[in-house]
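Heads up: the structure comes next, in structure tokens.
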Amino acid sequence: MIKVPSVVYIIFIGAVLIFVYARYIESRAIFFPTRELEFSPKSFGLEYEEVFFKATDNVELSGWFLPDKDARYTVLFFHGNAGNISHRLEKLKFFHDLGCNVFIVDYRGYGKSKGKPSEKGVYLDAQGAYDYLLGRNIHPEQIIGYGESIGGSVIIELASKNKLKALIVDSAFSNAKDMVRIIYPFLPYWIFSSRWDSLSKIKNIKTPKLFIHSINDEIVPYKLGRKIFEAAPEPKEFLQIHGGHNSGFYESETVMKEKVADFLTHLRGV
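Taken in order, the sequence shown gives residues 413 to 682; the numbers are from our numbering.
Below you can see the structure in the form of structure tokens.
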């Protein structure tokens, strides 16, 4: 017969192992940064400035600013969890072709940015990027936030604390709890430190919002994108596209361009 102290000890050790395992996979399942910038906007014939600025906790960050002399808006672009800014050239051109300045930022630990990524850290990076634009005399009413995948969580966090003209949330998830239940259904979500709680934050964001999500998304389920949209207050729009999580833009570029162009046009009257 197993003594009670032994049972308690076994349960305790098991809980510790589960906790350690959860933190181990969490640290490796969220951020996939690369340092080398493989391409530049020049590959698409685009003029750009390489920019260095600081996050609000003083970590040095880098990014690219693509100017358009006739731009009404500046797109503040936050990319997904893998690669770096040099892997988003098609999307940079996409927004630039729509007549916008584009400012894309590498989170800490990505590209030429210093530091190590974390949920709290990338939120501080976003605030630093926003403050940098204000320092260039770009008014909040001229800033459109764009976030893809985990970048959607970043731009929603930023918009919950700062004024923006509008948000474009692309292939984002509702919160870490919902993702954990899908990816690691055998683990309790509360043992993970990350929250990424876009679902609660979006409820208080009144600026115009365009949500984009592929019905075929194999990484962030379509239903999670819809969940954020349904929780968001008006004004809001939803564009359903086709293709995978990382290929949806390429497979649906034409319809996306038409919708985003229409969204930007209607902003002028808001």
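Just so it is clear, CB atoms sit at the ideal spot from N, CA and C, and this is done for glycine as well.
Item, Value
"Residues that TRP608 bridges to, as DSSP identifies them", "TRP608 pairs with nothing; no bridge assigned."
"Straight-line Cα distance separating PHE489 from PRO552", "14 Å"
"Where the alpha helix (DSSP H) containing ILE624 begins and where it ends", "No alpha helix (DSSP H) contains ILE624, which is instead part of the beta strand (DSSP E) from 621 to 626."
"DSSP state of TYR436 mapped onto helix, strand, coil", "Below a pLDDT of 50, predicted positions are generally treated as unreliable, and TYR436, at 46, falls in that range; no measurement from the model is reported."
"Distance CB(ASN587)-CB(SER610) smaller than 8 Å", "yes"
"Residue ranges of each alpha helix (DSSP H) within the region 497 to 544, 4 or longer", "501 to 509"
"The beta strand (DSSP E) enclosing TYR558, as first and last residue numbers", "555 to 560"
"Short Cβ contact (8 Å threshold) for PHE515 with THR468", "no"
"TRP476 versus LYS613 - alpha carbon distance", "28 Å"
"Environment of ASP482 [buried if 16+ CB atoms lie within 10 Å]", "exposed"
"Spatial distance of ARG447 from ARG520 (CA atoms)", "10 Å"
"Run of the alpha helix (DSSP H) containing LEU679, from where it starts to where it stops", "665 to 679"
"Enclosing beta strand (DSSP E) for ILE580 [first to last residue]", "578 to 582"
"LEU510 to LYS589 span [Cα, whole Å]", "36 Å"
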